Each structure stands twice: as C-alpha cells, then as structure tokens.
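Asks: Mapping the sequence shown onto this note's numbering, position 112 (from 1) lands on 178, and the numbers just tick up by one. Using N, Cα and C, we set each Cβ at its ideal position, and we do this for glycine too. What you are looking at is a predicted structure, and each value in this text was computed from that prediction instead of being measured. One structure is given below, represented as structure tokens, and several questions about it will come after.
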Amino acid sequence: MIHIFKTNTFFKQVKNDLGATINSINNGNLLNFKIPLPPLDEQEKIAEILSTWDEAINLTINLIESKKQFKKALMQNLLTAKIRFLQFKDEWKETKLGNIGVFKTSSVDKIIQKDECIVNLVNYMDVYRNTHINSNLKLSQTSASNREIENLSLAKGDVLFTPSSETPDDIGHSAVILSDMPNTLFSYHLVRFRLDIKNDIVFLGYVFNQDKILKQFARLSQGITRYTLSISDFQNVFINFPNLKEQQKIAEVLTACDDEINLLKLKLENLKKQKQGLMQKLLSGKVRVK
C-alpha cells in the first residue's frame with residue numbers, strides 16, 4: 067500500500083484538492099481519494115517486485131557511503147605522506163602558501179552595469195559545491211570594467227577559496243580551475259590563488275580540501291556571527307607537497323575513486339527512475355502481474 071501513495075496518480079489528486087490559498091488537505095479529501103487496488107495476491111507480487119528495487123537502491127546508497135569513507139581515509143594517508151608509492155623517495159616540501167603564489171580579492175558583484183562588458187562569473191556556491199571547475203560548468207553572467215577583466219580573470223591552474231562562513235569548520239572550501247576560461251571572472255565572495263610554481267592541477271583540488279589544510283583555516287578564522295579569513299591568513303597556511311610526478315600519481319588514484327563514486331551515483335539515479343517507472347505501471351494497472 068505504501069507504494070501507492072508515492073505515485074503520480076496519488077499526487078495529482080492531492081494537487082487537485084489543494085486550496086487556492088491554503089496548501090493543505092483534510093480527512094474528507096483523503097477519504098474520497100480513489101486508488102487502484104488489485105487482488106491481495108497481486109498486491110503481494112507487486113510489493114515483492116518493488117522491494118527488490120528498494121533493496122538494490124539501499125545497497126547502492128550504502129556502497130556509495132563506503133566508497134566515500136574509503137576515499138577520505140586514502141586522502142588522509144596519501145596527502146600527508148603516511149602512505150607513499152614505492153617508486154618515490156624524494157622528501158616532501160613544507161612551505162607557506164604565501165611563498166608559492168599570490169592571493170587576490172575581487173570587486174565583481176552580480177549587478178550588470180550598462181557601460182560595462184558582459185562576463186561569466188564564478189560565485190561562492192560554484193566553489194562550495196565543486197573541487198574542480200572547468201568550462202563545462204554553467205555560470206551566471208554579470209558585467210565588469212576593462213580593468214576588472216584584466217586583473218580578475220581566471221586561468222588554468224588558479225585556485226579559488228571561500229574566505230567566509232557562518233562557522234569556522236565550514237570555511238576555506240576550494241576549487242581548482244582545470245581549463246582556460248576566457249571572459250570569466252571570480253566574485254567578491256571569493257579569493258583567487260595563483261601559484262608561481264608548476265603543480266598538478268588535479269592534485270591541487272584534493273590537497274587544498276584535506277583536513278590538515280581545512281583545520282588551519284578554521285583555526286585562523288575570526289568572527290562572531292560570520293567568520294572570515296584575511297589574505298594574510300591564507301598566506302600563513304602551511305602546505306606539504308611532493309614532486310610533480312608523485313602529485314600526478316596521487317591525483318590519478320584519487321580520481322579513480324571519484325570515478326567509482328560517480329558511477330555508483332549514476333547507477334543510483336537509474337535505479338530510482340526504474341522503480342518510479344515500475345510504480346506508475348504496476349500501481350495503475352497498466353501492467354499486470356500473475
């Protein structure tokens with residue numbers, strides 16, 4: 067029975083009975099709802115079929131969570147040199163971010179000015195939701211002056227940080243620009259970090275989102291209702307990194323983990339769609355089971 071109340075047919079009846087100003091239904095409405103009800107033995111068979119999909123969905127959800135936990139542990143070990151690949155022997159270097167690149171704030175907002183050029187804009191949430199950004203990401207548009215376009219553009223290898231948050235534990239999220247993004251700027255809610263030395267850009271997306279870095283951001287942040295990081299704070303954060311070839315190997319392994327997780331997420335979405343399609347057919351009588 068529970069599956070019937072998740073079908074489009076049921077939701078259409080709910081929608082039809084909603085009031086013009088008050089979005090609610092009463093017991094009288096519910097008592098008058100009509101639902102297709104097959105014989106008991108057919109109900110049991112339908113429930114068995116749908117339960118099979120539920121089991122597959124729950125199994126995939128659990129598998130995704132397990133893969134995420136595995137990746138998190140792997141990041142902690144690989145990005146702190148606790149575990150290393152046998153072919154790499156060079157010592158990792160430790161330095162402050164201010165020693166290997168330049169931080170830049172922005173003045174670009176979402177307001178379009180008539181006398182300025184239209185540009186693409188990477189916003190706070192674009193960085194918050196992604197560890198890597200490329201030209202495929204759908205961005206909002208705004209306007210900017212020629213001076214802003216010259217000074218606040220984004221290039222392959224740039225790293226964007228979120229310098230503010232409601233809590234210290236949620237500050238300093240970052241995303242690496244994976245490809246050249248012409249006519250694209252970053253908003254005043256972000257900070258750009260442009261490195262002076264060559265690094266693997268995929269590796270950077272992982273290393274800046276590890277706990278060791280995020281804990282430094284949390285410790286340096288200041289505020290009461292809103293916590294912020296200054297340019298000086300960013301410059302004083304310590305980072306450990308290996309040579310380029312070891313960076314590339316670490317990035318390769320962690321990317322493989324992400325690919326597995328993304329495939330499982332795609333599988334999960336397909337299972338949910340399949341179940342929804344089955345529900346519409348089996349619970350409406352369009353397809354019968356014997």
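Provide the residue(s) that pair with Ala241 in DSSP beta bridges, ordered along the chain.
Replies: Position 175 of the sequence shown, counted from the first residue, corresponds to residue 241. BP columns for Ala241 point to Leu226.
Asks: Ala210 by DSSP, collapsed to three states: which one?
Replies: In the sequence shown, counting from the first residue as 1, residue 210 sits at position 144. Ala210 falls in the strand class under three-state DSSP.
Asks: Less than 7 Å between C-beta atoms, sequence neighbours within five positions excluded: which residues of the same chain meet that for Arg292?
Replies: Along the sequence shown, read from residue 1 onward, the residue named residue 292 stands at position 226. If we look at Arg292 and ignore the five residues flanking it on each side, its Cβ neighbours are Ser230 and Glu232.
Asks: According to DSSP, what are the bridge partners of Thr118?
Replies: Within the sequence shown, the letter at position 52 stands for residue 118. DSSP output for Thr118 lists no bridge partner at all.
Asks: Report yes if the C-beta distance between Val242 and Ala317 is below 7 Å; otherwise report no.
Replies: As a first step, residue 242 is located in the sequence shown; it is residue number 176 there, counting from the start. As a first step, residue 317 is located in the sequence shown; it is residue number 251 there, counting from the start. Cβ atoms of Val242 and Ala317: not closer than 7 Å.
Asks: Cα-Cα, which of Leu329, Leu349 and Gln346 is closest to Ile130?
Replies: For the purposes of this step, residue 130 is taken as the residue at position 64 of the sequence shown. Taking only the C-alpha atoms, the option nearest Ile130 is Leu329.
Asks: Just list the residues that DSSP pairs Gln288 with in beta bridges.
Replies: In the sequence shown, residue 288 corresponds to position 222, counting from 1. According to DSSP, Gln288 bridges with Thr294.
Asks: Compute the distance between the beta-carbons of Leu375 and Asn186, then report whether it is under 7 Å.
Replies: Beyond the ends of the chain as shown, which are 67 and 356, falls residue 375; an answer cannot be given.
Asks: Does the segment 114-126 come close enough to the segment 336-351 to have 3 or more Cβ pairs within less than 8 Å?
Replies: At 8 Å Cβ cutoff, the stretches touch.
Asks: Considering only C-alpha positions, which residue in the set Val188, Cys323 and Leu144 is nearest to Asn306?
Replies: For this step, residue 306 is matched to residue 240 along the sequence shown. Here the closest residue by C-alpha is Leu144.
Asks: In terms of DSSP beta bridges, what is Glu335 paired with?
Replies: The residue given as residue 335 occupies position 269 in the sequence shown. According to DSSP, which records beta bridges pairwise, Glu335 is partnered with nothing at all.
Asks: Measuring CB atoms only, is the segment 287-303 touching the segment 243-253, in the sense that at least three cross pairs come out at less than 8 Å?
Replies: Segments in contact, no.
Asks: Please list, in chain order, all residues of the same chain as Lys162 whose beta carbon is under 8 Å from its beta carbon, the five residues on each side excluded.
Replies: Here residue 162 refers to the residue found at position 96 of the sequence shown. Here the set comprises Gln301, Asn302, Val303, Phe304 and Ile305.
Asks: I think Ser172 touches Ser201, with their Cβ atoms under 8 Å apart; what is that distance to the nearest whole Å?
Replies: Here residue 172 corresponds to residue number 106 of the sequence shown, with the count starting at 1. Here residue 201 corresponds to residue number 135 of the sequence shown, with the count starting at 1. Actually they are not in contact, since the Cβ atoms of Ser172 and Ser201 sit about 19 Å apart, beyond 8 Å.
Asks: Between Gln276 and the rest of its own chain, which residues show a CB-CB distance below 8 Å, the 5 nearest in sequence each way excluded?
Replies: If you number the sequence shown from 1, residue 276 lands on position 210. Contacts found: Met141, Gln142, Leu145 and Thr146.
Asks: Secondary structure at Thr321, three-state DSSP: helix, strand or coil?
Replies: The residue labelled residue 321 in the question sits at position 255 within the sequence shown. Residue state, collapsed to three classes: helix.
Asks: Can Tyr254 and Asp192 be called in contact, C-beta distance under 7 Å?
Replies: For this step, residue 254 is matched to residue 188 along the sequence shown. For this step, residue 192 is matched to residue 126 along the sequence shown. Contact flag unset, no.
Asks: Rounded to the nearest angstrom, what separates Ile279 and Leu270 at their Cα positions?
Replies: As a position in the sequence shown, residue 279 is number 213, starting the count at 1. As a position in the sequence shown, residue 270 is number 204, starting the count at 1. Near 12 Å, if we compare the C-alpha coordinates of Leu270 and Ile279.
Asks: Given Leu256, which residues of its chain have a CB within under 8 Å of its CB, disregarding the five upstream and five downstream residues?
Replies: Taking the sequence shown and counting its residues from 1, one reaches residue 256 at position 190. Result list for Leu256: Ser172, Val188, Asn189, Tyr190, Val193, Leu226, Phe227, Thr228 and Pro229, in chain order.
Asks: List the whole-angstrom C-beta distance separating Ser209 from Glu182, where the pair is believed to meet the contact cut-off of C-beta under 8 Å.
Replies: As a first step, residue 209 is located in the sequence shown; it is residue number 143 there, counting from the start. As a first step, residue 182 is located in the sequence shown; it is residue number 116 there, counting from the start. With 8 Å as the limit, Ser209 and Glu182 qualify as a contact, their Cβ atoms being about 4 Å apart.
Asks: With DSSP as the reference, identify every bridge partner of Thr250, one or two as the case may be.
Replies: Here residue 250 refers to the residue found at position 184 when the sequence shown is read from its first residue. Asn186, per the DSSP bridge assignment.
Asks: If you count every other CB in all the chains shown that lies within 10 Å of the CB of Val273, and 16 or more means buried, which is it?
Replies: Locating residue 273 in the sequence shown gives position 207, where the first residue counts as 1. Val273 comes out buried.
Asks: What's the call for Gln313, buried or exposed, on a 16-neighbour Cβ count within 10 Å?
Replies: Residue numbering aside, residue 313 sits at position 247 when the sequence shown is read from its first letter. Buried, because 16 or more other Cβ atoms sit within 10 Å of the Cβ of Gln313.
Asks: Please classify Gln40 as buried or exposed, where buried requires at least 16 neighbouring CB atoms within 10 angstroms.
Replies: There is no way to answer for residue 40, as the model of the chain reaches only from 67 to 356.
Asks: Tell me which same chain residues have a C-beta within less than 8 Å of the C-beta of Leu334, skipping the five on either side of it?
Replies: Taking the first residue of the sequence shown as 1, we reach residue 334 at position 268. Excluding sequence neighbours, Leu334 sits near Ile123, Thr126, Ile127 and Ile130.
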